[in-house]
Each structure stands twice: as structure tokens, then as C-alpha cells.
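A short write-up of the structure that comes next.
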Amino acid sequence: MKLAKLTLCALVALALSLSALAFAEDAHYPVTITTYDYAKTPVEITFNEKPTRAISGQEIWNEMMFYFDLDEYMVAIANSDSNVPEEYKERYDALPKISDTWHNKEGIVSLEPQVFFGWRSHFAEDSLGDIYEWIDRDIQPVVLNCSNNACGNSSVQAVLQDFDNLGKIFDIQDKTDAYIAEANAMLDNIQENVAQLEAPKTVLMLEYYDGDTTVYAWGTNSLSGQMITNAGAVNPIDMQGDISLEEIVAINPDKIILMNAGNSDTEEDRESIYNAFYALEGLRSVEAVKNEQVRIYPLDDIYGGGIRIIPAIEDIYNWIYAE
Amino acid sequence: MQNKREVTLFWMLMAGLVFGLILSIIFAVSVGAVALSPRDVYGTILYRLTGWDIGGIENIGEGPLFDIVWIIRLPRVIMSVVVGMGLALAGVIMQATVQNPLADPYVLGLSSGASLGATFSIMIGASSVFTGFLANTGIAFWGFLGALGVSVLVFLLSSIGGRMTTSKLILSGVVVSSICSAFSNIIIYLNQDKSDIQSVTFWTFGSFSTATWEKLRLPTIALVVCFAFFLTQVRRINIMLLGDEAATTLGIDLNRLRRVYMVLTALLTAVIVCTCGIVGFVGLMIPHFMRAFTGSDYRRLLPATTLFGGLFLIWADIAARTLGASGKEIPIGIITSAIGAPVFMIIMLRRAYGFGGRD
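Sequence order for the protein chains is V and C.
Under the working numbering, read the first sequence as residues 39 to 361, first letter to last.
Under the working numbering, read the second sequence as residues 957 to 1315, first letter to last.
What follows is the structure, given as C-alpha cells:
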């Protein structure tokens, strides 16, 4: 009898601890994250369980999924054939692709995903349409914070928020928190180093391709333009837009970053961009031009967000303050 | 021009326009994104032109000041004058040639032809389709080719089934225009390259921001040649405005004249479009605006319109350069439409307005 009682007690205890364990595992969900609709209004999205069917609708998301080993949860990813980092090639090839996620409503719905990781313009009227319709369909949309300034205030912190969102959705916050902490330490370090300098450098981020176009400048209202500030230099442009050559002469930047938003970034492409830029005769007295301190960065490294932003900031910092 | 008072008034207007143009050029080089003292600006220009150093300017003839004034600003100001004059001239000729007040230099599909050519060159690239000489041709070349190709096509279309009439001309222009735009859009749609799209945007908005002395050469030659030629044609144009029947009675072969005029304006417009993209509204509005002052006699209208076109675009470009926040540029095409449309409306509401001929 006593033995029976003891056994019962032991069983109850075991059951209790097991259920406690199970409860602990589920304690992460439901989890709520904030994303943005096309009008840039914050929208709260709740996940009641770990999604097992996800679609990555854009290459920046693709790379984040690879980075955190989330391949197994992807039912499809965006086709970005022209632009897959070497180290992810094999895994990219192994997953099913959707070629045009912006206009393939049917293809997306038929895959029955629980979550769609996209870009702000995915949810424009002439693309996939209203974000709320997708929520009603039980396909949770998650928009990249800085895509077309979706969150209204693009910044490197908004980029890191994308990582936090991913961590919450897939319950991998230990990994994403570590990433965010390391990034913040690096960013703080840059600011501390620069604070000890006499004067920070002035840097412009421009776009210019050939003799027939205007020169475009990225201002601190954009993530790309802010990366100069994050790298410890001064970007005197606040609003992005076409810039006059004489304004560039007047600013006289120490260094110039040329963004290559073209589809390819081969040596040849860079050569032609450099040649076109150095051919702007009016800029010959500008420090950066005179000293040939002009460097090309491909769009993917300095635009939108994802795993390339933090390394790019570090790289820009190292280049600007190489001396 | 029988009336003596009218003649005096006309010459006063011309003198005023020339004087205004010169003053505006002088003013335009002194304003810009960067504030420079007039002494620095004019001292630099004077030094470059005559070699005379007025003193007090450091490093005259080199450095940032020289680059801003002589390399960046002055060519740009002169470009705006040349383009303004060219577009106004092309517009006023086009309106007479097709006898329609809604005609402008782009009405015969020139702009969409140029855009298609440019879009093709930017997005597909001549080198990927052609070999040899054609492979090494740039955007401007293809824009030019597109503009010319379209005008030839419009000619042929409007000549189908006998005589070329003005309504057939305009309709053909509209049709060919839509075809070109459709093809441009297909190319743009199939190509998601952001850098290419930016280059194409330049073509649809127009800009003088990268004007150089070198780029000025061709449009200036085209303008001078066309202006001189059309000055000799003003009497014929006046007869043209009376309509086909009247002209035939007076022994003028309108068909042949139209061809010559349109080929010349097409060339002029194509050259302009290739240099600075598409600057809308100038060619349409300036001739109408001047009609309110000179009447529709082309002996007066033609030179006045041409001068005023230059004057207008200088000021439009000053606005484009200075209205944007912190050195930002507003595309010139936006300015010309924003100023142009309301001014145009006011003129249309005025009773004194007449197009000339049988309007």
C-alpha cells in the first residue's frame, strides 16, 4: 500500500514536472511583434506557435534566414539568382523559389504559408494588396523595417529590430540577442573612437552612373545616408535627392561613397562608374576627388537592412579612418 | 506692320527681351546652391574671358570658385537659354505647321521616340544587340535616333492615302507616341535595375545639372541654323496660317513646306532632348504667351517667342536650383509645368487672345 502511494506520488510529481517542462517550452508563444502596413502605420502581429511554413519574399530576408539556419521552415524563398553570397549558394539552390513575389498572389497563397517576410512595396495596391487581407487569411505579413522607409524612421536600430522580430517569431532570441548586442558594441566603439578625434570626416553618399544623368545624394533621412553617421563621419545631407555639382564643391567632402544600385557589380561596372564620376570636371577641386578617395559599394551592402548592414558600417568606418 | 506705333512697340519689346535676357544671364550666374559674392563671380568670368584680373580674388582661374562659376554654373545658365530658345522656336513653328494651338515640339511623338531610344540604350544596351560601330554608341545617340525615327514614321503614316493633312499628322503623332511609350514601359517593367530606372527618370524629367561647355556645342549650332532659316520663312508661315486653300491660291506648296519645317524642328528638338532630357510645356506655352503681346504675325511672333523662351527657362532653372532644400535640385520639367500651366490658363481666359489664321 505504502509502495503504491509512493509510486503514485512519484508519478504525479513526474507528470507535474513534465507538464511544467512542456509549459516552459510553450511559454514563448503567443508572441507579438510590430510591423507596418503600406501607409507606414504600425500593425501588431501575433504568433500563437512557432511557424513551420514561411516564405521569404526578398533577398535580404533570404540571407537572414540562412544566417540563422531557418531553412527548414521555408516553404519558398525569393528568387535572387544574380545575387547569392557564395557561402549560401548550396542552401539557396536547395530551397523552392518564387520568381516574382511582388506579383504572384496565387503562387503565395497556394503554398499555404503562415508567415510572409516581405518589403513595404509588397503590400502596395498594385502588388500583393492590403496587408490586412493577408492577416485575415492567416498569412502573417512581416515587413522589413527600413524597406522604402516602412517604419517611418529608418535607422540602424530599426534594422536590428528586424533581427529581434525574427528572434521572437522563431524563438531564437538567444541568437538574435547576441547578434544585436555585438552590433551595438561595435557601433558604440566607433562613436567612442571618433569622439577622441579632433574633427570627424565629412563623407557623401552619391549615385551617378553616366554623363547623362543627374547626381543623387543619400541623406540622413535614409538608412543608407545614416550609415555614414554610424561609421563616425558627418553626412551633411538631410534629405535625399538630386544634388547640384556646386553644392558638392561647397561641401568639399573628404571621402565619397558611390552607391551602385545596378544589377551587377563587376570590375567592369565599377570601372565605368568611376570613370563617369571622375569625368565630372566641376568636381576636380573636391578633396575626395583630388585624393581619389571615392569608393563604390553595391546597393545590397548599404540598403534596406539585413546581415550586410553592420559589416558594411564597420568597413566604411575602417576605410574613412584608415589613417 | 503698317502701323508705325505697332512697329515701335515691337522694337521696344525686342529690345526689352534682349536686355532682359542679358540681365537674367548675369543674375543667374550669381545665384545657386552656394552663395558667392558677385565680385567673385564676375571677376572670375571676366578673368576667364579677357584675362583681366580685377584683384582681390584668391587663386583666380583655378580652385573651387573657378570650377563652380566657369565649369558648373555658366554652361548651365547658357544651356538653359539655348534649350529655352530652341524649344520655343520649335513650338511656334510646329503650331503653324500643323495649324493647331495644342501642338508643341513633342506633339509628333518626338519625346516618346527619344525616350524609347534612351530607354533601350540604358536598359538593354546597344552593345548587347549590335556589333561594330553601333555597339559603342551612347544614350544620346539612341535618343536622337529614336526621335528622328519617330518623326519619319509619323510622316509616312500621315501621308497614307494621299495628301498629308494636319489632323492626320497629329493623330499619327499621338498613335506613334503611345506605341513608343508602351515599348519603353515594357522595357522598364521587365528590368528592375534601380540604377537604370534612375537614368530613365532623367529622360522624362529633364535636367541641366550636368551641363558642360562641350554639351552646349551641338544644340547651339542647331538653334542658330534653325533660327536663321525660319527668320527667312516668316512670310510663308503667315500664309500657311491662312489655310491650305488660301495658300494654294497664292501659289505655295504647303505639303513640301511642311516637310521641310518638320524635319528641321524634329532635328532641333531631337538635339535638345538628347542634351537635357524632356523639358515640357515650354514649346507649347511660350508661343501662346507671346501671341498675347505680338499678335499672331510670325514676323514679330517668331523672334519674340524665341527670345522669351530663353528668358523663361533661365528663370525656371534658377527656381530649380534654389527652391530645393539644402542644395537639392528640383527637376526643371516640374518647374516649367508648375509655372507654365497657371500662366497658360490666365492667357486662355483673356479675351484678346487669338491663335491666328482660322482658329
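Glycine residues also receive a C-beta, built at the ideal position from the N, C-alpha and C atoms.
Between residue 334(V) and residue 308(V) a beta carbon distance of about 5 Å is seen, short of the 8 Å cut, so the two are scored as contacting.
Secondary structure of residue 165(V) (DSSP, three-state): coil.
Straight through space, the alpha carbons of residue 989(C) and residue 1015(C) are spaced by roughly 21 Å.
Within chain C, 1019, 1020, 1023 have C-beta atoms less than 7 Å from the C-beta of residue 323(V), given in sequence order. Judged by DSSP in its simplified three-state form, residue 1296(C) adopts helix.
Burial is judged here by how many other beta carbons sit within 10 angstroms of a residue's own beta carbon; residue 141(V) has fewer than 16 and is exposed. When the Cα atoms are used, residue 1251(C) and residue 1257(C) turn out to be separated by approximately 7 Å. Among the CB atoms of chain V, one or more fall inside 9 Å of the CB of residue 1287(C).
Taking C-beta atoms under 8 Å as the contact rule, residue 1056(C) and residue 1126(C) qualify, at a distance of about 6 Å. By the neighbour-count definition (other C-beta atoms within 10 Å, threshold 16), residue 993(C) is an exposed residue.
Residue 1167(C) is classed as buried because its beta carbon has at least 16 other beta carbons within 10 Å across all chains shown. Under a 10 Å Cβ-count criterion, residue 975(C) is classified as exposed, with fewer than 16 other Cβ atoms of the shown protein chains found around its own Cβ. Contact fails between the segment 63-81 of chain V and the segment 128-138 of chain V, because fewer than three Cβ pairs, one in each stretch, are under 8 Å apart. The continuous stretches of alpha helix (DSSP H) do not include residue 280(V), which lies in the beta strand (DSSP E) extending over residues 279-281. Three or more Cβ pairs closer than 8 Å define a contact, and the segment 197-206 of chain V falls short of that threshold against the segment 320-330 of chain V. With a cutoff of 9 Å on beta-carbon distance, residue 1070(C) and residue 1102(C) are scored as near each other. Nearest CB-CB separation between residue 1227(C) and chain V: not below the 9 Å threshold. Residues 91, 92, 93, 113, 177 of the same chain have their beta carbon placed closer than 7 Å to that of residue 151(V), with the five preceding and five following residues left out of the count. Between the segment 1237-1253 of chain C and the segment 346-355 of chain V there are fewer than three C-beta pairs closer than 8 Å, too few to call the two in contact. Residue environment analysis places residue 1292(C) among the buried positions, since at least 16 neighbouring C-beta atoms fall within 10 angstroms of its C-beta.
Three or more beta-carbon pairs separated by less than 8 Å are not found between the segment 213-226 of chain V and the segment 240-260 of chain V, which leaves the two stretches without contact.
Taking C-beta separations shorter than 7 Å and ignoring five residues to either side along the sequence, the partners of residue 1095(C) in its chain run 1074, 1077, 1078, following chain order. As DSSP reads the structure, residue 206(V) sits in no beta bridge. When only Cα atoms are considered, residue 278(V) and residue 1066(C) end up about 32 Å apart. Boundaries of the alpha helix (DSSP H) harbouring residue 1259(C): 1254-1278, taken from the DSSP string. Residues of chain C with a Cβ closer than 8 Å to the Cβ of residue 288(V) are, in chain order, 989, 990, 1020, 1024, 1283. Here DSSP, grouped into helix, strand and coil, assigns residue 961(C) to helix. The continuous beta strand (DSSP E) containing residue 298(V) extends over residues 293-298. In this structure residue 103(V) is not in contact with residue 344(V), their Cβ atoms being roughly 10 Å apart against a cut-off of 8 Å. Put simply, the backbone Cα of residue 1212(C) is about 15 Å away from that of residue 1186(C). Around residue 1028(C), the beta-carbon contacts reaching into chain V at under 8 Å are 282, 283, 284, 287, 320. The beta carbon of residue 240(V) sits closer than 6 Å to the beta carbons of 272, 291, 292 from its chain, once the five residues preceding and following it are set aside; these are given in chain order.
Assignment of beta-bridge partners to residue 82(V) by DSSP yields 72(V). Of the candidates 285(V), 227(V), 201(V), 201(V) places its Cα closest to the Cα of residue 215(V). If you compare the alpha carbons of 1184(C), 1031(C), 970(C), 1047(C) with that of residue 1165(C), the shortest gap goes to 1031(C).
In summary, no residue of the segment 1065-1079 of chain C has a CB separated from any CB of chain V by less than 7 Å.
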